[in-house]
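As structure tokens, the structure follows; a few thoughts come after it.
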Amino acid sequence: MTEVMSGTAPYIYVSTRMRVRKAKLIPREEYLRMLNMGLTEFTRLIEEMEYKREIDELSASFKGVDLIENAMSWNLAKEYQRVIALAPGEMKGFTRDYLHKWDIQNILSILRGKELGFSDGKIRAVLVPAGALDASTLDRLVAESSVERIVEQLPVKQMSAILSEGLSEAIETHSFGKIENELYKYYYATLIKAARGGMKGGRPFLKYVMFEIDIKNITSVFRMRAQGGDNAAQQNIWIPGGSFKPEELERLSSVESTDEVVDSLKKKIKVTVLLDALESLREKKPIYSIESTLIAAQLNQMDKVSKRNPFSISPLLVYLERKKYEVSNLRAIARGKEAGLDAETLEKYLVM
């Protein structure tokens, strides 16, 4: 396709394809209907959706909810690879850089699984080979005998260097939190550098990356407040590149008044959907509810930016994120139903 198109035609084509894909994602009312189904009925419905091929492929290896989870993760990875194949020119590079977050998530899942003594099969069940590390590479890493060997064999050198530097402390403290922070700082610094590199489409990509950094930092503020706020500085969790300085975020993580936190955050924020989301956080909410509120604001803002920049990378990013949360929601519903959670409780964990 891209070989025979020139100028803006490939971008128009891909943006249109992404909007068509997005329109096929599960709407809110369908999720609400699913919440009131029994597990058997829900499973039958999933088997009739676009996940059927992966369910059929994996049915010999997995059963029940494990089959649903693995099929959806595999579907997500394959869909992301199809999107990369469609993306033209600079958009392909931005997309690959953006999906690098899955490499971080997968490596951390492998390391934590190994430390907790999980079986290789249980670790593989949570992996989504949607980044630079493909399924065969992840399988080889899972098969390694120790976390040290996993880090040594990791082909992404910058990630390997960050992991090597903090691995001893992580093993000693049984926590990969600090390493995770450093990996995401590296990830967002890479995205900002790519966006500022002068390539076509860099400006809307940069704006989105900075907004995502703000969402992550604000989420960390509320998470640290829920934990007491005393160790935010020690963990050095704040991601540079957004609207807030680390010292501002550190202060807000420990102040007593939630109203003061919301008021301080709103002074720097110009995005209406995030302002509305922050206003709703004045009420005391559990951290999972806060995270869902902020993620919903992030997705709604992406939708607005996509409409303002219809032939940019924005429609592609919107689809990638919306697809990710469709899979996340369906997995949550499956596990919730297996655990016997009622519809009202389960709904709070979904991003719709």
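By our numbering, the letter at position 182 of the sequence shown is numbered 574, and the numbering carries on one by one without gaps.
Glycine included, each C-beta is placed from N, C-alpha and C at the ideal position.
Computed from a prediction, not measured in an experiment: that's the story for all the values here.
Of the residues the options, which one's Cα is nearest the Cα of residue i?
i: residue 478; options: 499, 532, 405; result: 405
i: residue 569; options: 516, 527, 501; result: 501
i: residue 430; options: 647, 728, 662; result: 728
i: residue 524; options: 539, 537, 555, 484; result: 484
i: residue 458; options: 434, 508, 408, 518; result: 518
i: residue 740; options: 470, 514, 629, 677; result: 677
i: residue 521; options: 552, 565, 469; result: 469
i: residue 435; options: 449, 461, 420; result: 461
i: residue 594; options: 445, 407, 487, 683; result: 487
i: residue 538; options: 648, 563, 465; result: 563
i: residue 651; options: 662, 577, 671, 663; result: 671
i: residue 445; options: 467, 432, 452, 407; result: 467
i: residue 716; options: 561, 673, 472, 667; result: 472
i: residue 734; options: 419, 639, 425, 648; result: 425
i: residue 578; options: 619, 555, 565; result: 555
i: residue 540; options: 549, 560, 669, 419; result: 560
i: residue 369; options: 586, 565, 673, 454; result: Outside the displayed range of the chain (393 to 744) lies residue 369, so it cannot be described from this structure.
i: residue 696; options: 565, 566, 599; result: 599
i: residue 565; options: 453, 504, 619, 412; result: 504
i: residue 536; options: 649, 721, 526, 511; result: 511
i: residue 548; options: 493, 573, 567, 585; result: 493
i: residue 721; options: 452, 432, 420, 453; result: 420
i: residue 608; options: 573, 440, 639; result: 573
Could you tell me if residue i is buried or exposed, where buried requires 16 or more neighbouring beta carbons within 10 angstroms of its beta carbon?
i: residue 679; result: exposed
i: residue 491; result: buried
i: residue 746; result: Nothing can be reported for residue 746, as the shown portion of the chain is limited to 393 through 744.
i: residue 402; result: buried
i: residue 731; result: exposed
i: residue 606; result: buried
i: residue 637; result: exposed
i: residue 456; result: exposed
i: residue 634; result: buried
i: residue 474; result: exposed
i: residue 617; result: buried
i: residue 628; result: exposed
i: residue 508; result: exposed
i: residue 698; result: buried
i: residue 449; result: exposed
i: residue 704; result: buried
i: residue 528; result: exposed
i: residue 663; result: buried
i: residue 747; result: With the chain covering 393 to 744 only, the question about residue 747 has no answer from this structure.
i: residue 587; result: buried
i: residue 649; result: exposed
i: residue 669; result: buried
i: residue 407; result: buried
Compute the distance between the beta-carbons of residue i and residue j, then report whether it is under 7 Å.
i: residue 583; j: residue 489; result: yes
i: residue 463; j: residue 447; result: yes
i: residue 589; j: residue 571; result: no
i: residue 506; j: residue 711; result: no
i: residue 410; j: residue 708; result: yes
i: residue 631; j: residue 580; result: yes
i: residue 427; j: residue 686; result: no
i: residue 516; j: residue 543; result: no
i: residue 667; j: residue 659; result: no
Measure the beta-carbon distance from residue i to residue j and round it to whole angstroms, keeping in mind my assumption that it falls under 8 Å.
i: residue 546; j: residue 499; result: 7 Å
i: residue 596; j: residue 701; result: 5 Å
i: residue 665; j: residue 689; result: 5 Å
i: residue 423; j: residue 744; result: 6 Å
i: residue 641; j: residue 613; result: 6 Å
i: residue 575; j: residue 551; result: 6 Å
i: residue 683; j: residue 611; result: 6 Å
i: residue 726; j: residue 742; result: At roughly 12 Å, the Cβ-Cβ gap does not stay under 8 Å, so residue 726 and residue 742 are not in contact.
i: residue 694; j: residue 706; result: 7 Å
i: residue 647; j: residue 465; result: So it is not a contact: roughly 39 Å between Cβ atoms.
i: residue 513; j: residue 592; result: Wrong, their Cβ atoms sit about 44 Å apart, outside the cutoff.
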